[in-house]
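One structure below.
2 protein chains.
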Amino acid sequence: MNKGISKAVIRRMPRYYRYLGELLENGVERISSGELSERMQVTASQIRQDLNNFGGFGQQGYGYNVQFLYDEIGKILGLTEVHNVALFGVGNLGQAIANYVSSEKLPFHMIGLFDVDEKKKGRIVSGIPVMMLDEFEDFNRTHRVDIAVLTLPKDAAMPVAEHLVDLGVRAFWNFAHVDLKVPKGVVVENVHLSESLMQLSYNMTGR
Amino acid sequence: MNKGISKAVIRRMPRYYRYLGELLENGVERISSGELSERMQVTASQIRQDLNNFGGFGQQGYGYNVQFLYDEIGKILGLTEVHNVALFGVGNLGQAIANYVSSEKLPFHMIGLFDVDEKKKGRIVSGIPVMMLDEFEDFNRTHRVDIAVLTLPKDAAMPVAEHLVDLGVRAFWNFAHVDLKVPKGVVVENVHLSESLMQLSYNMTGR
DNA sequence: TAGATTGTTAATCGATTAACAATC
DNA sequence: TAGATTGTTAATCGATTAACAATC
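Protein chains in written order, with my numbering: chain D, 1 to 207; chain F, 1001 to 1207.
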């Protein structure tokens, strides 16, 4: 299952989740696709189509129960289990991301920080001591690492990723400016800050 | 001009730019859409279509001159002028982004850092002293701020953005987990880390 | 029941790919 | 010139929107 759902739909799901979470905080119990459509600035039709990729979560004449829908989307997004995260490259960005992951209330758990710079060894970031990259193989024997964050210089990203794939890592959150080549079954989510900045820059021109 | 070009095309331009930059570093002088297609894993047809939204940069029987195409895409993306950047919210992420912007060789120039926390006042980040938010109005009189980076808690983002819009800021790079409502003519580029993480999480499930 | 709103099919719109004539 | 490869039109594919019957 879960097959054949377009990337466009998946990109929208976290946003639904965020809006439903806010409604929940505000004590809203039910919402129609029409109301949600107005708040989110998308068509009601799209909301109903998107949700119906995963199942019929609403009720005719009533709409959607906010708590129920929120929970269902959480399940769809895989937020019902804790994901163990290890981070590679404890520079400025790496430290910020480590802190960020730990501070978010999402079920992602920072369990290890790795770098190649001896000077960083043992430094505490977000409550965790930095380890050396060559200690990871050992670490990996006693810890299940679900996600590797790559906050490395671009030339280091690919070799490190390859090494981690060999050691069984199956998911990467990649901040390096490269397109990682990984085997089938390994997933990569990119955050390319420079490309985001360039898009902003483009939109500032003529338009 | 520049009108009517789809967001999908714009999203791909920075990636072309990156690949062309690498070719340039490797001393490659010319490339055909076919070769580039293979490297980038997109169709040659798409490359030609994308580029021809902006003009005919190639030559039949030859392909594209790498340096020329690189420069043209740079122009399209607005990378021929320096953009002054001010950042709001000097937390972990804010500091990392400040450092990031300064370290990138792209033409974005960090000129001010603002926070509301008195304890941060005067602290030097990326070579710039942190100022208090209420000093911005003054600062803005003597400096041209092209882009405001928002690395603030979500509840602070909207009020601060509104204030900045009133003071003439026309572009936002938004890291807060909110959809900013801004007047027409003001551009917003979002980096929603939590949504990126959730997409990764989704792709780790069934698929 | 009558009114509201979903789930779903059909229609439209836009983006991607294929094909090929133009041309270097 | 012959070969290569673009620019561009046409065909296909996919995603979004509209419409409405089903149903709570």
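We put the beta carbon where it would ideally sit given N, CA and C, even for glycine.
Of all the alpha helix (DSSP H) runs that stay within the bounds of the stretch 1100-1165 of chain F, which reach a length of 4 or more residues? Note on the stretch 1100-1165 of chain F: whole alpha helix (DSSP H) runs with a minimum of 4 residues are 1136-1142, in chain order.
Using the beta-carbon of each residue, which ones in chain F are nearer than 9 Å to Arg-11/D? The contacting residues are Glu-1195, Gln-1199.
Out of Gly-1112/F, Thr-1205/F, Met-1198/F, Asn-1203/F, which one is the CA nearest neighbour of Arg-15/D? Ranked by Cα distance from Arg-15/D, the options Gly-1112/F, Thr-1205/F, Met-1198/F, Asn-1203/F are led by Met-1198/F.
Can you grab the Cα-Cα spacing for the pair Gly-1185/F / Val-1130/F, in whole Å? Taking the straight line from one Cα to the other gives about 29 Å.
Does chain F have any CB closer than 8 Å to the CB of His-109/D? Output row for His-109/D: interface = no.
Glu-104/D classed as buried or exposed, judged by whether at least 16 other C-beta atoms fall within 10 angstroms: Glu-104/D is exposed by the Cβ-count criterion.
Can you round the beta-carbon distance between Asn-1203/F and Glu-189/D to whole angstroms, since I take them to be within the 8 Å contact cut? About 7 Å; that satisfies the 8 Å criterion.
Identify whether Tyr-17/D lies in helix, strand or coil by the three-state DSSP scheme. Judged by DSSP in its simplified three-state form, Tyr-17/D adopts helix.
Reduced DSSP category for Tyr-1202/F - H, G, I as helix; E, B as strand; rest coil: Reduced to three states, the DSSP call for Tyr-1202/F is helix.
Taking buried to mean at least 16 other C-beta atoms within 10 Å of its own C-beta, is Gly-56/D buried or exposed? Gly-56/D comes out exposed.
For Gly-94/D, which of helix, strand or coil comes out of DSSP? If DSSP states are grouped into helix, strand and coil, Gly-94/D belongs with the helices.
Backbone CA spacing between Glu-1137/F and Asp-1166/F [nearest angstrom]: Rounded to the nearest angstrom, the gap between the Cα atoms of Glu-1137/F and Asp-1166/F is 10 Å.
Would you say Ile-1076/F faces chain D, with C-beta separation under 8 Å as the test? Closer than 8 Å: yes.
For a contact defined as C-beta to C-beta under 8 Å, what are the partners of Val-191/D on chain F? Val-1191, Leu-1193, Ser-1196, listed in chain order.
Taking Ile-1111/F as the reference, which of Asn-1084/F, Phe-1088/F, Asn-1099/F has the closest Cα? It is Asn-1084/F.
Just tell me which of Ala-1086/F, Thr-1151/F, Arg-1048/F, Trp-1173/F has its CA closest to the CA of Arg-1144/F. That would be Ala-1086/F, whose Cα lies nearest to the Cα of Arg-1144/F.
Neighbour-count burial assignment, Met-1/D, 16 or more Cβ in a 10 Å radius: Note that Met-1/D scores 39 on pLDDT, short of 50, meaning its location in the model is unreliable and no value can be drawn from it.
Specify the secondary structure class of Gln-49/D as computed by DSSP and reduced to three states. Under the three-state reduction of DSSP output, Gln-49/D falls in the helix class.
Beta-carbon gap between Val-1169/F and Ala-1148/F smaller than 8 Å: Less than 8 Å separates the beta-carbon of Val-1169/F from that of Ala-1148/F.
What residues are listed by DSSP as bridge partners for Gln-59/D? Beta bridge pairing from DSSP links Gln-59/D with Gly-63/D.
Keeping to the same chain, check which residues put their C-beta closer than 6 Å to that of Leu-51/D; ignore five residues upstream and five downstream. Excluding sequence neighbours, Leu-51/D sits near Phe-57.
Does DSSP put Ile-1031/F in a helix, in a strand, or in coil? Three-state DSSP puts Ile-1031/F in a strand.
What are the residues in the stretch 13-29 of chain D lying within 8 Å of chain F by C-beta distance? Answer in chain order: Met-13, Pro-14, Arg-15, Tyr-17, Arg-18.
Cα separation between Arg-1018/F and Gly-1027/F? Approximately 14 Å, taken between the alpha carbons.
Looking at the unbroken beta strand (DSSP E) that takes in Asn-1026/F, where does it start and where does it end? No beta strand (DSSP E) holds Asn-1026/F; DSSP gives it neither H nor E.
If you follow the beta strand (DSSP E) that Glu-1189/F is in, where does it begin and where does it stop? Bounds of the beta strand (DSSP E) holding Glu-1189/F are 1187-1190.
Show which residues of chain D have a CB atom less than 8 Å away from the CB atom of Gln-1095/F. What Gln-1095/F touches in chain D: Asn-92, Ala-96.
One question on the structure: do Ser-1088/F and Leu-1024/F come within less than 8 Å of each other, judged by their Cβ atoms? A small fix is needed here, since residue 1088/F is Phe in this sequence, not Ser. Contact flag unset, no.
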